[in-house]
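This report refers to the structure that appears directly beneath it.
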Amino acid sequence: NVEVWLASLAEEMKLTLRGLVTKCLKEGNNLDDFPSQVLQIAENVKFANFVEVGIDDGSLDDISDKLRSLLKQYTSLKNPAPLLSTKVKALILDLVHNMDVLDQLQRASCRSSGDWCWFKQLRYYHDGKKVG
1 NVEVWLASLA EEMKLTLRGL VTKCLKEGNN LDDFPSQVLQ IAENVKFANF VEVGIDDGSL
61 DDISDKLRSL LKQYTSLKNP APLLSTKVKA LILDLVHNMD VLDQLQRASC RSSGDWCWFK
121 QLRYYHDGKK VG
């Protein structure tokens, strides 16, 4: 029946997206190889990981440098195709937000991933198994 088919379709969509995100995280985010939502999820997974390591190591400034470099890379693309331009705009919006989050963490002198300044943020994690 239709409900079973839709449930099956939804499950396959989750599995496909999980597989694409895993592949994107492993192979790097070539902008032409992945859909925008996969690129955005992968970038946010990496951001959460970088920040948690940076909080523990006291190296949030290094992450800030990485983010600025990535922003420069995205904004220096010359005449991208319309689809690539749309992907880059979405990535830039997320990147600017992540830079703001990082600035908030630095101003709050965040010292632990359990500190409220980090805990209250939306974070993306990937374990390669869970779908939900």
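Position 84 of the sequence shown, counted from 1, bears residue number 84 in UniProt numbering, the numbering being contiguous throughout.
Ideal placement from N, C-alpha and C gives every residue a C-beta, glycine not left out.
Residue i versus residue j: straight-line alpha-carbon distance, rounded
i: K78; j: C24; result: 23 Å
i: G114; j: K46; result: 18 Å
i: L93; j: E43; result: 12 Å
i: D103; j: M13; result: 35 Å
i: S109; j: L91; result: 27 Å
i: K26; j: V101; result: 25 Å
i: S8; j: D61; result: 45 Å
i: V38; j: R111; result: 30 Å
Check: residue i C-beta below 7 Å from any heavy atom of the ligand COA
i: R18; result: Here there are no bound small molecules, and the ligand COA is not part of this structure.
Reduced DSSP category for residue i - H, G, I as helix; E, B as strand; rest coil
i: A10; result: helix
i: K78; result: coil
i: L122; result: coil
i: D65; result: helix
i: N30; result: coil
i: C110; result: coil
i: S59; result: coil
i: N1; result: coil
Close beta carbons around residue i, own chain, < 7 Å, minus the five adjacent residues each side
i: A48; result: R123, Y124, Y125
i: E52; result: S113
i: F34; result: L20, C24
Neighbour-count burial assignment, residue i, 16 or more Cβ in a 10 Å radius
i: N30; result: exposed
i: Q40; result: buried
i: K87; result: buried
i: L6; result: exposed
i: L54; result: Correcting the residue type first, residue 54 is Gly in the shown sequence and not Leu. Result: buried.
i: N98; result: buried
i: L105; result: buried
Spatial neighbours of residue i in its chain, beta-carbon cut-off 8 Å, leaving aside the 5 residues before and after
i: F119; result: S113
i: L84; result: L31, D32, L77
Own chain partners of residue i with C-beta closer than 6 Å, once the 5 adjacent residues on each side are dropped
i: S36; result: K87, A90
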